[in-house]
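Report on one structure; see the data block that follows.
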Amino acid sequence: MSGGSLGIRSGSYGSLDKQGLNGVLPIQAASATRTKAYSKMLKEKETLIHWICKFAGRKKVGMLLLCVISAAVFVWVVYFGEDQENDNGSKVNDNLALNNPLINVVQSIRIDNWTSLAVSVKETKVGVMHPPPPSYFLGYSLPPGHPCNTFTLPPPPADKKRTGPRPCPVCYLPVEEAVALMPKVPSFSPVIKNLTYIFEEILNRETEFGGSDFGGYPTLKQRNDSYDIRESMNMHCGFVKGRKPGRGTGFDIYDSDLLEMEQCNGVVVASAIFGAFDVIQQPRNISEYSKQTVCFYMFVDEETEADLKGKYENKKIGVWRIVLARDLPYTDGRRNGKIPKLLLHRLFPNARYSLWIDGKLELVADPYQILERFLWRKNATLAISRHYKRFDVFVEAEANKAAGKYDNASIDHQVEFYKREGLTPYSEAKHPITSDVPEGCVIIREHIPISNLFTCLWFNEVDRFTSRDQISFSTVRDKIAAKTNWTVNMFLDCERRNFVIQKYHKDVLALLAQRAPPVIYPPPRPVLAPPPPPYMANDSQRKVPPRRRRDRKSGARHHRKVSKEIV
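Below is the structure:
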């Protein structure tokens, strides 16, 4: 060892001796003494080795030493591995508290966000390096006494004139706290870990189960296999004609837009208007942080883009980036709208979370507040509101037929098919499931394999049967739940109406404008009443005749006299 070493276990303490002589460290010069002790220890070790070789034989010494080292390593791993596992949770939470400004400031949120295995730590201690195991978001709990823990919905207002659906209050966290609680790692995906999608250069249209050029023509066997949830799956999920969604697949998008969409690696808010059917609604109550970090995308067709000419520049209207979708695969605009609604994970491959809202809705709450309230706080990966009035698929199907939403024979065929698969009317026996019918105009979800699988399967049902996605929702949900412990967070419809406001379609607005009275500009001056006549001095001298009153007594007497004469 060189004299510059400061290690206490060093074989030379020349530098320390000098420091001791100078009075810096009170360490005596014990170099010679320790050297003698060290040589004595070596002699004892040599004597022990010779003694072992004498009785065990030279050939067996290596095997004996190997067994001793293996036993020591085993004890080391077991002892320190248990300590690591016991301390793992506290260390993770401590690191999280240091990096999370919300916890440092508020002291409020107790978070158990992550789980990580200690295998990599154990193996590292014995010199074997492996990649760390995956970590998952496990949810968190608001602290005791937090207002949102005791928040309850007030009773609906007793207004007999208004009996329809209405919004109700929701306990949101401030935007800053919601942003601080955004998970750093994805949620756990039960069973399925790897999901890939089918690409078909040549489509086989001669199948017994229908389909389309956009979604493919899977056989009935392929459909049934897609509900057999496995760790790795390859399945139909739209865009089957191209290797990249939006490029030669139908629902084609310009490369410049595709490049921008790939850059969205956080939160996406998406909507669509086809056939110039709605008016673009600008979100309100959006924080500056969300305007800078959230991707707002509005998909339009060529007819809607022509209607918007001159109303935007640089492909933006307000916060919305306008994306033109060309070569739409369906003639029905509502069915085309199901592509961005259910397949956002394919259009935005790097996004972590998405919020879908129909084109007729106006967003009036911050996206981070919505994600925190309905996903992160509930430890859910997909949330959708239930229908405000209907809970049963059979009732929903009859309502669609009565309203002429789709061909009645197609609706009956779909319902009968689901009945043969085991669909039953909704009842309290399905609890904790609260409804079989969603209000599908808003979908909040995290992009992980299990939720992506759900929306792929849901889209395949819409592509194969009717475009009324409320009818197929519960079938897909229940089939996945039968194979995993995953389900959907179905919140109240009044809570949905708290953060989105439904507007009229453009044709309804035009009809209301025709019925409204014409507006005259400039408005005419109001007609004032004529002034009262001037006060006359002799008016007070004029006598007013007294009002004649009926004499009840005289009338009563007259009545008695007449009655006596009649008798």
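Quick note: the sequence shown uses my numbering, first residue 837, plus one each step. C-beta atoms are modelled at their ideal positions from N, C-alpha and C, and glycine is treated no differently.
Asked	Found
Given that a residue counts as buried once 16 or more other Cβ atoms are within 10 Å of its Cβ, and exposed if not, what is His1223?	buried
Give the DSSP-derived three-state secondary structure of Pro1274 in the structure shown.	strand
Compare the C-alpha of Thr1311 against each of Glu1331, Gln1338, Pro1261 and name the closest.	Pro1261
Would Val1103 and Tyr1189 be called neighbours here (beta carbons separated by less than 7 Å)?	yes
Using the Cα positions of Gly1111 and Asp1143, report the straight-line distance between them to the nearest angstrom.	9 Å
Strictly by DSSP, which residues pair up with Val1104?	Cys1131, Ser1190
Give the DSSP-derived three-state secondary structure of Leu1199 in the structure shown.	strand
Determine, using beta-carbon pairs with one atom in the segment 1234-1245 and one in the segment 1186-1205, whether at least three such pairs fall under 8 Å.	no
Is it true that the CB of Val1200 sits closer than 7 Å to the CB of Ile1089?	no
Taking the alpha-carbon positions, what's the Gln1117 to Ala1216 distance?	28 Å
With burial defined as no fewer than 16 other Cβ atoms inside 10 Å of the residue's Cβ, what is the status of Asn1101: buried or exposed?	exposed
Whole angstroms are fine: how far does the CA of Ile1286 sit from the CA of Lys1339?	33 Å
For Tyr1033, which residues does DSSP report across the bridge?	Met1071
Relative to the alpha-carbon of Arg1041, which residue among Glu1232, Tyr1033, Leu1031, Gly1052 has its alpha-carbon at the smallest distance?	Gly1052
Hey, how far is the Cα of Asp1114 from the Cα of Arg1332?	20 Å
Verify whether the separation of the beta carbon atoms of Leu1031 and Phe1045 is less than 7 Å.	no
Which residues does DSSP list as the beta-bridge partners of Gln1338?	Leu1197
Buried or exposed: Pro1176, going by 16 or more other Cβ atoms within 10 Å of its Cβ?	buried
Would you call the segment 1202-1216 and the segment 1270-1277 in contact, with 3 or more CB pairs under 8 Å?	no
To the nearest angstrom, how far is it from the Cα of Cys1131 to the Cα of Ile905?	58 Å
Can we say the segment 1005-1018 touches the segment 1241-1253, given the rule of at least three CB pairs closer than 8 Å?	no
Can you tell me which of the three DSSP states Gln864 falls into?	Low per-residue confidence applies at Gln864: pLDDT is 36, beneath 50, and the placement is therefore not dependable, though the value from the model is reported in the following sentence. Looking at Gln864 - three-state DSSP - the assignment turns out to be coil, as it is neither helix nor strand.
Across the segment 1153-1163 and the segment 1072-1080, are there enough close Cβ pairs to call them in contact, namely three or more that are closer than 8 Å?	no
Considering only C-alpha positions, which residue in the set Gly1082, Pro1081, Tyr1125 is nearest to Tyr1204?	Tyr1125
Near Ile1109, which residues of its chain fall below 6 Å by C-beta distance, leaving aside the five closest residues on each side in sequence?	Val1136, Thr1140, Gly1195
Among Arg1304, Gly1146, Phe1290, which one has its Cα closest to the Cα of Thr1320?	Phe1290
In three-state terms, what does DSSP make of Gln943?	Because Gln943 sits at a pLDDT of 33, beneath the cut-off of 50, its placement in the model cannot be relied upon, and the following sentence gives the value as read from the coordinates. Note: Gln943 maps to coil in three-state DSSP.
Quick one: residues in its chain with C-beta nearer than 6 Å to the C-beta of Asp1299, no 5 flanking neighbours on either side, listed in chain order?	Ser1048, Gly1051
Could you tell me the boundaries of the beta strand (DSSP E) in which Phe1327 lies?	1325-1327
Between the alpha carbons of Val962 and Cys903, how many angstroms are there, rounded?	Interpretation of Val962 is limited by its pLDDT of 45, a score under 50 that renders its predicted location unreliable; no figure is taken from the coordinates.
Put Ala1014 into one of helix, strand or coil per three-state DSSP.	helix
Are Glu1282 and Ser1107 closer than 7 Å when you measure CB to CB?	no
Find out if the Cβ-Cβ distance for the pair Arg1171, Ser1303 is shorter than 7 Å.	yes
How would you label Phe1301, buried or exposed, when you count the other beta carbons within 10 angstroms and need 16 or more for buried?	buried
Give the DSSP-derived three-state secondary structure of Gly1169 in the structure shown.	helix
Could you check what DSSP says for Lys1266 in three-state terms: helix, strand or coil?	helix
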